[in-house]
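J.:
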Amino acid sequence: MAPSADVFATTPLNPPDAIFKLTADYKADTFDKKVNLGVGAYRDNAGKPFVLPVVRKAKILIANDETLDHEYLPIAGLPAFTSATGKLIFGEDSPALKEGRVSTIQTISGTGANHYGAAFLERFYGPWAGKTKEEKVIYVSNPTWANHKSIFNSVGCTPVDYPYYDPKTIGLNLTAFLDFLRSAPAQSVFLLHACAHNPTGVDPTREQWKEIADIFTAKGHYAFFDCAYQGFASGDLDNDAWAVRHFVEKKVPLLVCQSYAKNAGLYGERIGALNVVASHSGDVEGGAQRINSQLLLMQRSEISNPPTFGARIVSLILNDPKLFAEWKQDISSMAERIILMRKKLFDLLENKYKTPAVGPNGWSHITSQIGMFSFTGLNPQQCKDLLEKGHIYLTANGRISMAGLNESNIEYFAECVDKVVRGQL
Ligand SMILES: Cc1ncc(COP(=O)(O)O)c(C=O)c1O
C-alpha cells in the first residue's frame, strides 16, 4: 500500500488563544462604544498604546550612536543589561549579587524566562532526579496566567493548582494557601507572582508574604518567582520587588523571571531575563558557574543569541541615572492612571449607581486589588452579556484590564456593569 500523502492527518485543531481572539473580535466590532478590557497591555487615557517618553529618548540615542553595530550578542545577552536587570530586581546591595550567586540570562521577554526557568528545573532540580513528568510538579496559583500551564507542560513539567483566590471574598484565601504549603511534600516547586497577580490583582500583604516565606524555609520549598509587573503594582520598583528580596534574605532557593513588556511598554521587543540564585558562587556543587553554563547551553540550542534592540533600550535606561529617574516617573504615571481608574470605577458603582454588591465588601475589591488587572467578581453569564449586549470585551472569568478604562469609556462600562448585575442589560 502507498504511504498516506497526508502526513498530518491526525494533527488536531487547537482553538485560538482566548485573549488574542478577544482583541481580534473587538477590532472587527463596529459599535462606537465598544470597550476592550481583555488584553494585558497599557493604554493611555485616549485608549491608545503608550510609548514611554524615556523609551523614545533611548531609541534616539541608539539611532545616533555610530559605534553600535549589528553583531551577535553574547549567548547570555547584553552584559550591561544582564548586570543591571539583576540589580533592579534583587536590589543594589543584595547579598546574593554581592556573593556572586546569581546567574542571569537575557530571555525572550517574560514568556522566555518562564520557559527556561521550568526547562532548567526539569533537567537539573536535584529533588526531581529520576522522576517522571507527572512527578515533576510545579504548583501554580488557582487561577494563574493561562500561559503558565502551557509553558510548564511543554518542557516536561506538570502544573498543579494550589488554592489562592477565594471567590466568596474576592480576595486571598490565605489559610488554604498556607495549609497547602505546609502539607505539600518537602522541596516542592511553587510558582509565585512577585507582584500584581495576574489575573486576580490580589497580592499578599508584606505580613502575609513573611508567613509564606517562613513555610518555604521550613519545608525547603523552591520559589519560582514570575515578575512581569515590577513597578506596575504600586508605581514603585523597589516596593514591588519586596517579596523577592525578602525570600532572598530568608535564603529560600529561588529563581526570578523578569519582563520589560509592561513596565517599559516594550511588548514587541521581547526583552526579559531569567535569574537563578545559587547556594554558592563559583564552580562548586550547586554553584552559580555550573548553573550559568547550563543556562548558556539551553539558550544556544534554542535561540543561539538573544535579540539586541530591546536589550539596548533597557540597558540605557537602567544604567543612566537621568534616564532611570525619568523611567520611574513614566512608570508611576502609568500606575497612577490605573489607580485613578480604580477609584473612579468604585465611585461610580458604589455611589452613583449603588450597584448591588457581588462580594462581601461592596465594590471595595476594585480599589484593594492592584496592578493591571481586576477580578470583578462578575459571573460567566454576566461577562457573556457584557460582551454580547454591551460590546465590552473581557474574559469569561470576570477579569478586566484596568488599563483599558479611560475618562471616555468608564461611565459606559460602569452603567453596563450596573445593568448586568441587576439583570437589566
Ligand atoms: C504573569 C505573567 N507572566 C509573564 C508574562 C509574560 O509576558 P511577556 O512574555 O510579554 O513578557 C505575562 C504577560 O501577560 C504575565 O501576565
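With the UniProt record's numbering as the guide, the letters of the sequence shown map in order to residues 1 to 425. All residues carry an ideal CB built from backbone N, CA and C; glycine is no exception.
1) Give the single residue among Leu191, Thr200 and Val248 whose Cα lies nearest to the Cα of Lys210.
2) Can you tell me which residues fall inside 5 angstroms of ligand 1, judged by beta-carbon distance to its nearest heavy atom, and keep chain order?
3) I'd like the span of the alpha helix (DSSP H) that includes Gln294, first residue to last.
4) Can you name, in chain order, every residue of its own chain whose Cβ lies under 6 angstroms from the Cβ of His365, other than the five neighbours on each side?
5) Compute the Euclidean distance between the alpha carbons of Ile151 and Tyr26, then round it to the nearest angstrom.
6) Less than 8 angstroms separating the beta-carbons of Ala18 and Ala403?
7) Over the uninterrupted beta strand (DSSP E) stretch that includes Asp418, give me the two end residues.
8) DSSP three-state call for Ser315: helix, strand or coil?
9) If you draw a straight line from the alpha carbon of Ala186 to that of Lys219, how long is it in whole angstroms?
10) Below 8 angstroms between beta carbons: does that hold for His148 and Leu191?
11) Counting along the chain, where does the alpha helix (DSSP H) carrying Cys383 start and finish?
12) Could you name each continuous alpha helix (DSSP H) segment of 4 residues or more that falls completely within the region 226–279, going from the start of the chain to the end?
13) Which residues does DSSP list as the beta-bridge partners of Gly126?
14) Taking contact to mean at least 3 C-beta pairs separated by less than 8 angstroms, is the region 307–322 in contact with the region 130–140?
15) Which partner residues does Phe190 have in the DSSP bridge list?
16) So what's residue 426 in DSSP terms, helix, strand or just coil?
17) May I ask you to list the residues that DSSP assigns as paired with Ile105?
18) For Leu348, tell me which candidate among Ser304, Gly310, Leu405 and Ala414 has the shortest Cα-Cα distance.
19) Taking its Cβ as the centre, do 16 or more other Cβ atoms sit within 10 Å of Thr10, making it buried, or is it exposed?
T.: This is what the structure gives:
1) Here residue 210 refers to the residue found at position 210 when the sequence shown is read from its first residue. The shortest Cα separation from Lys210 among Leu191, Thr200 and Val248 belongs to Val248.
2) Residues flagged by the Cβ proximity filter: Gly40, Ser109, Gly110, Thr111, Trp145, Asn198, Asp226, Ala228, Ser259 and Ala261.
3) Counting from 1 along the sequence shown, the entry for residue 294 is found at position 294. Counting along the chain, the alpha helix (DSSP H) containing Gln294 begins and ends at Ala288 to Glu302.
4) Stepping through the sequence shown from its first residue, residue 365 is reached at position 365. Non-local beta-carbon contacts of His365 in its own chain, meaning distances under 6 angstroms to residues more than five positions away in sequence, involve Ile170 and Gly359 in chain order.
5) Numbered from its first residue, the sequence shown carries residue 151 at position 151. Numbered from its first residue, the sequence shown carries residue 26 at position 26. Rounded to the nearest whole angstrom, the CA to CA distance from Ile151 to Tyr26 is 27 angstroms.
6) Reading the sequence shown from its first residue, position 18 is the one you call residue 18. Reading the sequence shown from its first residue, position 403 is the one you call residue 403. No, Cβ-Cβ distance for Ala18 and Ala403 is not below 8 angstroms.
7) Numbered from 1 along the sequence shown, position 418 holds the residue referred to as residue 418. Secondary structure note for Asp418: it is in no beta strand (DSSP E), and the uninterrupted alpha helix (DSSP H) holding it is Ile410 to Val421.
8) By 1-based counting over the sequence shown, the position of residue 315 is 315. Residue state, collapsed to three classes: helix.
9) Here residue 186 is taken as the residue at index 186 of the sequence shown, counted from 1. Here residue 219 is taken as the residue at index 219 of the sequence shown, counted from 1. If you take the alpha carbons of Ala186 and Lys219, they lie about 5 angstroms apart.
10) Along the sequence shown, one-based indexing puts residue 148 at 148. Along the sequence shown, one-based indexing puts residue 191 at 191. Contact flag set, yes.
11) As a working mapping, residue 383 is identified with position 383 in the sequence shown. The continuous alpha helix (DSSP H) containing Cys383 extends over residues Pro380 to Gly390.
12) For the region 226–279, whole alpha helix (DSSP H) runs of length 4 or above, ordered along the chain, are 237–240 and 242–249.
13) Taking the sequence shown and counting its residues from 1, the one referred to as residue 126 is at position 126. Gly126 is not bridged to any residue.
14) No: fewer than three Cβ pairs fall under 8 angstroms.
15) Counting from 1 along the sequence shown, the entry for residue 190 is found at position 190. Its beta-bridge partners are Tyr139 and Ala223.
16) In the structure displayed, the chain extends from 1 to 425; residue 426 sits before or after that span and is not available.
17) Within the sequence shown, residue 105 is the residue found at index 105, counting from 1. DSSP output for Ile105 lists Leu274 as bridge partner(s).
18) As a first step, residue 348 must be located in the sequence shown, where it is residue number 348. If you compare the alpha carbons of Ser304, Gly310, Leu405 and Ala414 with that of Leu348, the shortest gap goes to Ala414.
19) Taking the sequence shown and counting its residues from 1, the one referred to as residue 10 is at position 10. With fewer than 16 other Cβ atoms inside 10 Å of its own Cβ, Thr10 counts as exposed.
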